[in-house]
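Numbered by the numbering used here, the letters in the sequence shown go through residues 1 to 178 in order.
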Amino acid sequence: MLTRERILGLFAELNDELRRVGIRGDVFIVGGAAMTVAYDARPATRDVDGIWHPSTEVRAAAARVAARHEDLEPDWLNDGVKGFLPGRDPGHSVVVYDNDHLTVSAPSPEYLLATKLLASRVSRDENDIIRLYDLCGFSSADEGLDLIERYYPGRPVEAKVRFLLEELLTPDAAADEH
1 MLTRERILGL
11 FAELNDELRR
21 VGIRGDVFIV
31 GGAAMTVAYD
41 ARPATRDVDG
51 IWHPSTEVRA
61 AAARVAARHE
71 DLEPDWLNDG
81 VKGFLPGRDP
91 GHSVVVYDND
101 HLTVSAPSPE
111 YLLATKLLAS
121 RVSRDENDII
131 RLYDLCGFSS
141 ADEGLDLIER
151 YYPGRPVEAK
161 VRFLLEELLT
171 PDAAADEH
């Protein structure tokens with residue numbers, strides 16, 4: 001698992017690799033890495049999902065970083081999410097790492113929440129969704145559904161998303177009794 005400190009250390013190594021080849025890189029992280037690094041919402045994540053530029057050079061530099069660490073997966077930095085992202089973040093991205101050859105940013109809570117809700121992986125994203133709802137100041141299922149429509153206009157939303165939100169936002173029965 002990659003903690004916040006470990007991820008930031010890997011970004012420093014990535015910066016050094018990019019400096020060595022004279023390339024400036026930009027990385028936009030999402031998912032668990034953004035929750036861990038930008039929002040301190042979880043202690044660790046399995047990998048760092050994101051998109052970056054320049055693609056080939058950053059990927060090669062990340063592979064060189066991975067090669068130096070026996071405990072680091074070769075795809076610790078991966079772009080498997082690029083087909084699921086809603087484009088540019090119209091909110092305010094947060095810079096989480098900035099150095100001479102690498103800048104890493106994370107999306108606004110709204111952007112990240114929209115991606116998590118659309119994926120609606122119940123057992124995996126439940127805590128992230130609750131934390132992001134709090135960061136966004138949301139309290140109703142409709143606010144989350146409206147957010148998905150804003151970021152993914154015209155995209156069908158599965159009924160399970162509403163059910164997930166209603167379940168997550170309903171106070172526990174025990175809390176209702178007091």
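Beta carbons: idealized from backbone N, C-alpha and C, even for Gly.
Take C136, set aside five residues on each side of it, and the residues of its chain with a beta-carbon closer than 8 Å to its own are P109, E110, L113, E143 and L147, in chain order. Note on geometry: alpha-carbon atoms of E73 and M1 lie some 10 Å from one another. For G50, the three-state secondary structure derived from DSSP is strand.
The C-alpha of Y133 lies about 32 Å from the C-alpha of A62.
Taking one beta carbon from each stretch, the segment 15 to 27 and the segment 46 to 59 have 3 or more pairs nearer than 8 Å; the two touch.
Taking C-alpha positions only, T115 is separated from A141 by approximately 15 Å.
Shown here, Y97 sits in a strand according to DSSP, grouped into three states.
Distance from the CA atom of G91 to the CA atom of P107, rounded to whole angstroms, is 8 Å. Secondary structure within the segment 3 to 71: the alpha helix (DSSP H) runs of 4 or more consecutive residues, fully enclosed, are 4 to 20, 31 to 37 and 55 to 67 (chain order). Approximately 6 Å separates the beta-carbon atoms of K160 and S120; this is inside 8 Å, confirming the contact. Looking at the backbone, the Cα of A41 and that of M35 are separated by about 5 Å. Counting along the chain, T103 sits inside no alpha helix (DSSP H); it lies in the beta strand (DSSP E) bounded by residues L102 to A106.
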